[in-house]
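Residue numbers (the numbering used here): 523 to 596. Working notes for the structure below.
Here it is as structure tokens:
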């Protein structure tokens with residue numbers, strides 16, 4: 523848990539399998555969107571291990587929902 527300015531923040535990292543499960547995207551789609559700056563970049567953990575910040579993935583999902591609602595006129 524990180525504490526800044528007397529506020530508590532819980533940050534959690536997600537490994538690729540969990541990102542895939544959460545977004546419904548495949549591995550190659552995730553890396554394609556990263557290369558196109560359309561998906562959050564992973565955080566290097568050491569060696570070849572990477573993970574994503576959960577809040578950034580959640581924000582991406584929310585943005586996709588908002589994008590859908592704008593297109594659908596909801």
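The C-beta atom is built at its ideal place from N, Cα and C for all residues, glycine as well.
Boundaries around residue 567 are those of the beta strand (DSSP E), 565–568, since no alpha helix (DSSP H) includes it. DSSP places residue 545 inside the alpha helix (DSSP H), whose first and last residues are 538–545. Around the beta carbon of residue 533, a 10 Å sphere encloses fewer than 16 other beta carbons of the protein chains shown; the residue is thus reported as exposed. Counting along the chain, residue 576 sits inside the alpha helix (DSSP H) bounded by residues 576–594. Annotation for residue 549: the continuous alpha helix (DSSP H) segment containing it runs 549–557.
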